[in-house]
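Going by the numbering used here, the sequence shown opens with residue 692, and the numbers climb by one from there. We put the CB at the ideal spot given by N, CA and C, even for glycine. One structure is given here, and the rest of the page talks about it.
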Amino acid sequence: MKKITTSRLTLAAVIAALYAGLTLALTPISFGPLQFRAAEALTLLPLYFPESIPGLFVGCVIANAVGVALGAAGPWDILIGSLATLAAAGITSRGKNRFLAALPPVVLNALLVGPMLAMLFTERAAWSVAIPYQMLTVGLGEAAVVYPLGVPLSYVIERSFPALQKRIR
């Protein structure tokens, strides 16, 4: 494990602030049964910066906690949504190919956040239809952010910081 330095802690804090800020700035599309959370484009940062793992987690906790105050999915979203982001960031950090590394956020959010949203927003009798539907819509919403925004962001980061090129290839 790398030593915690002021610069590493600062980078994690900046990433947390970016994630929370983007999510909250785009609140109408960031929360609810249909989500397009633009901050999820940052989920490829663990490919390059290990500090982004706690940064993404803390940013997601903050965004979801404020979202609850604004009437979003509730305390379950703070727990499940944030843990999905943490797990996805950890798996993504082990990736070597940016396209495959973008899959964990898509899959884990679909598998964890989708059912949670279905259970929160639909009657129990409709869960058999609502759960697969929510898994699909959350997965598609995540893919619609991670691939067209996150993958190009990874190219920009890689080109901006040549020393990182060894890490991704």
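- Selection Val829, Tyr824, Val820, Pro795 evaluated against leucine 738 yields Pro795 as nearest (Cα-Cα).
- The residues Ile706, Leu736, Pro737, in chain order, have a CB closer than 6 Å to that of serine 743 in the same chain once the five nearest residues on each side in sequence are set aside.
- As the crow flies, the alpha-carbon of isoleucine 771 is around 7 Å from that of valine 804.
- Here DSSP, grouped into helix, strand and coil, assigns proline 796 to helix.
- Under the DSSP assignment, valine 837 falls outside any alpha helix (DSSP H); it carries neither an H nor an E label.
- By the neighbour-count criterion, in which 16 or more other beta carbons inside 10 Å mark a residue as buried, leucine 799 falls on the buried side.
- Comparing C-alpha distances from alanine 801 to each of Arg789, Lys787, Ala835, Gly781 shows the shortest one belongs to Ala835.
- Taking the C-beta atoms as reference points, valine 759 is found nearer than 8 Å to glycine 765.
- Here the C-alpha atom of leucine 702 lies approximately 28 Å from the C-alpha atom of glycine 830.
- Looking at the backbone, the Cα of threonine 697 and that of leucine 777 are separated by about 22 Å.
- Each residue's CA atom was taken as its position, placing glycine 832 and proline 806 some 14 Å apart.
- When secondary structure is reduced to three states using DSSP, glutamate 814 falls in the coil class, being assigned neither helix nor strand.
- The alpha carbon of alanine 775 has as its nearest neighbour, out of Leu761, Asn755, Tyr838, Leu725, the alpha carbon of Asn755.
- Annotation for asparagine 755: the continuous alpha helix (DSSP H) segment containing it runs 743-760.
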